[in-house]
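Step one of this worksheet: look at the structure below.
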Amino acid sequence: MVTKFVGKRYKLTSSENMDAYLDAVEAADNIKALVKSVNPSIELVINGDTYTLKTITEKSTREVTFKIGEEFEQTLLDGRKIPTTITTEGNKIVEVHKAPKPSKVIREFSDDQVKISLTCDNVTAVRIYKAE
0 MVTKFVGKRY
10 KLTSSENMDA
20 YLDAVEAADN
30 IKALVKSVNP
40 SIELVINGDT
50 YTLKTITEKS
60 TREVTFKIGE
70 EFEQTLLDGR
80 KIPTTITTEG
90 NKIVEVHKAP
100 KPSKVIREFS
110 DDQVKISLTC
120 DNVTAVRIYK
130 AE
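Residue numbers (numbering that gives the first Met the number 0): 0 to 131.
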């Protein structure tokens, strides 16, 4: 269960194939530059049946709040709104985007790290976050 990882903070330590993934999801150049320029931390918060994934940088904190299995409209960094559904599978949080291009983000939690696999089309990027 992902609940055992609530309140732990993980810092980005490596990123593989992110440029290709950002191209696959048709991210704008300014978003690509932003993703490359920050070294974020992530944290999971649960309040009742409401989950929040926090992405924390030196400049700001971005929060995505949702209920497991319920579709919601997620606002991307560029302001686009996309239909998103998030589920859990053991120690994984699985995020599925239906549009504008179908994609999937899998966050696999463990005590010492979070492995995030981002897939769109046949392109997969992997980001590793280590426990702080």
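Ideal Cβ positions, reconstructed from N, Cα and C, are used throughout, including at glycine.
Would you give the residue range spanned by the alpha helix (DSSP H) that residue i belongs to?
i: L33; result: D28 to S36
Tell me which residues share the same chain as residue i and place their Cβ nearer than 6 angstroms to its Cβ, disregarding the 5 neighbours each side in the sequence.
i: V93; result: T86 and I105
i: L76; result: I30
i: Y50; result: F65
i: H96; result: I81, T83 and S102
i: R61; result: T54
i: L21; result: K31
In the DSSP assignment, find the beta strand (DSSP E) that holds residue i and state where it starts and stops.
i: A98; result: A98 -> no beta strand (DSSP E), and no H or E assigned at all.
i: L43; result: S40 to N46
i: L11; result: R8 to E15
i: V125; result: V122 to A130
i: T74; result: F71 to T74
Which residues in the same chain as residue i place their Cβ atom closer than 8 angstroms to its Cβ, once the five residues preceding and following it in sequence are excluded?
i: E25; result: P99 and K100
Can you tell me the Cα-Cα spacing of residue i and residue j, whole angstroms?
i: G78; j: N29; result: 12 angstroms
i: N46; j: A124; result: 30 angstroms
i: T54; j: D120; result: 25 angstroms
i: V63; j: Q73; result: 7 angstroms
i: D48; j: E69; result: 11 angstroms
i: V5; j: A23; result: 31 angstroms
i: N38; j: T56; result: 7 angstroms
i: R35; j: L52; result: One point to set straight first is that residue 35 is Lys, not Arg, in the sequence displayed. If you take the alpha carbons of K35 and L52, they lie about 20 angstroms apart.
i: E88; j: A32; result: 32 angstroms
Once the 5 residues before and after residue i are set aside, which same chain residues still bring their CB inside 7 angstroms of it?
i: Y9; result: S40, I41, Q112, V113, Y128, K129, A130 and E131
i: S116; result: I105, T123 and V125
Determine which residues share a DSSP beta bridge with residue i and list them.
i: R106; result: I92 and I115
i: R61; result: T54
i: T87; result: I92
i: I81; result: Q73
i: T2; result: None, per the DSSP bridge assignment.
Could you confirm whether any beta carbon from chain D is found closer than 8 angstroms to the beta carbon of residue i?
i: K3; result: Of the chains in the structure shown, none is chain D; there is only one protein chain.
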